[in-house]
Amino acid sequence: MSRRIVLPLAALLLTPACKQQQIATATPIDELPPLIIPSELRVDAGSMGSGGSETQLANNDHRDDRGSGGSDWRSAADQPSQRNGGGGGGGGGGKASGGAMVSASPQPTAYALIVGIEKYRDVTPAGGARTDAEKFAELARVTLGVPEDNIKVLLDDRASRTDIAKQMRWLQANVPSGGRVYFYFSGHGAPEPTSGVSYIVPFDGDPQYLKDTAIPMTEVLGDLEKTKAKDVLALADSCFSGAGGRSVLAPGTRPLVRVEDVKPQTRVAMLSASSGAEISGPAADGSGGLFSKYLIEAIGSGQGDINGDGQISLKELAEWIGPRVKREAKKANREQTPHLTLGKKLSAADEFIVSWGYSR
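Adding 33 to a residue's 1-based position in the sequence shown gives its number in our numbering.
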């Protein structure tokens, strides 16, 4: 009677047959924390094929969306695409080459609202927030395959409270039934000192007058819930503790506020850069937010596909980003733990598929 051998996934990844399937990382090897694989995750060696096709390379060019002059408010359709082959294309994204993003399967009914505010009118800058948003916009186009016409990007002085509200109405009017929404925010958050309510701070926001100039995170999630989307993924590279980093308080206010937990709506999942009383900080190289760095790397290179099934679930995404952010933050002598919350009507995090169609 033959016995089926079950081997740990980590052991299988070290075998010569699998070396070609490892995905390159944009992060220097000496800075990359070790991959943490849940102990219960195992691969049945008897179920694996003997062929093992080689990973396909995707040669997508980078694009700089920062025009010379002109408005920073734009639809992605206003920008010339530099994706190889022109249009939307199919799947086939393998490992990233030279830091380029790979193309996964297109998501024709997905929409994206992307907000990045680095330079504020009345608040200190949020370093790297604009770059974060521009990179996520590229990720939405290239890897997630969101159609150009379905992407709105709001940057700096074009990301006022009114600008954000208008684009929320645009989502509610245009997202089809059964579609998906990606909402990404990079910039300052702030807590209301007496209640602990979390706000995102738009370009014209003032921490002294949060109720009049900023937007409660619960309102943001509520507006996303009002779309016809089947599911929504909200991503926030910000913090709401008032302890520094990407969090601001009115002058003279105590630097740490007990922050009220932000509960997502029934069809909204939210993955944020930090939890509770923590600080959301920059990457070590100063290129942008630490959370955004690993978020974009996980999806854009396909590395977040921990189990190698050609797709990245929300559970995989959170588990891939979390230990890397925590480890790099500790090197800067701070605690930062990405936090995931899931709406009641959504399936489990391992069934919420963020991106798919990565080639093996």
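Each residue gets a CB set at the ideal place from its N, CA and C atoms; glycine is no exception.
Within a Cβ cutoff of 6 Å, which residues of the same chain sit near residue i, ignoring the five residues on either side of it in sequence?
| i | result |
| --- | --- |
| residue 326 | 316 |
| residue 99 | Summary for residue 99: the model assigns pLDDT 34, below 50, so the residue's position carries little reliability, and this model does not support an answer. |
| residue 279 | Caution applies to residue 279, whose pLDDT of 49 falls short of 50 and renders its modelled position unreliable; the value that the coordinates give is listed next. Around residue 279: 159, 221, 271, 272, 313. |
| residue 63 | For residue 63, the predicted structure reports a pLDDT of 48, less than 50, and the residue's modelled location is therefore unreliable. The matter cannot be settled from this model. |
| residue 145 | 173, 179, 184, 215 |
| residue 234 | 221, 223, 247 |
| residue 349 | 337, 339 |
| residue 217 | 147, 169, 268 |
Report buried or exposed for residue i, applying the criterion of at least 16 other Cβ atoms within 10 angstroms of its Cβ.
| i | result |
| --- | --- |
| residue 308 | buried |
| residue 196 | buried |
| residue 227 | exposed |
| residue 103 | Caution applies to residue 103, whose pLDDT of 35 falls short of 50 and renders its modelled position unreliable; the value that the coordinates give is listed next. Residue 103 should be labelled exposed. |
| residue 318 | exposed |
| residue 306 | buried |
| residue 202 | exposed |
| residue 362 | buried |
| residue 232 | buried |
| residue 244 | exposed |
| residue 241 | exposed |
| residue 383 | exposed |
| residue 381 | exposed |
| residue 342 | exposed |
| residue 264 | buried |
Can the beta-carbon of residue i be found closer than 9 Å to that of residue j?
| i | j | result |
| --- | --- | --- |
| residue 170 | residue 271 | no |
| residue 328 | residue 267 | no |
| residue 239 | residue 247 | yes |
| residue 374 | residue 358 | no |
| residue 208 | residue 142 | yes |
| residue 261 | residue 210 | yes |
| residue 299 | residue 212 | no |
| residue 135 | residue 391 | yes |
| residue 200 | residue 187 | yes |
| residue 324 | residue 354 | yes |
In this structure, what does DSSP give as the bridge partners for residue i?
| i | result |
| --- | --- |
| residue 146 | 185, 216 |
| residue 322 | 315 |
| residue 265 | 214, 301 |
| residue 346 | 386 |
| residue 373 | 304 |
| residue 248 | 233 |
| residue 256 | For residue 256, which the question treats as bridged, DSSP gives no partner whatsoever. |
| residue 270 | 219 |
For residue i, which residues in the same chain have their Cβ closer than 7 Å to its Cβ, ignoring the five residues on either side in sequence?
| i | result |
| --- | --- |
| residue 236 | 150, 153, 154, 189, 190, 192, 193 |
| residue 388 | 137, 176, 177, 332, 344, 345 |
| residue 83 | Bear in mind that the predicted position of residue 83 carries a pLDDT of just 30, short of 50, making it unreliable; the figure below should be weighed with that in mind. Excluding residues within five positions, none has a Cβ falling inside 7 Å. |
Tell me which same chain residues have a C-beta within less than 8 Å of the C-beta of residue i, skipping the five on either side of it?
| i | result |
| --- | --- |
| residue 364 | 317 |
| residue 322 | 161, 162, 165, 219, 270, 279, 306, 313, 314, 315, 316 |
| residue 156 | 221, 234, 238, 239, 240, 281 |
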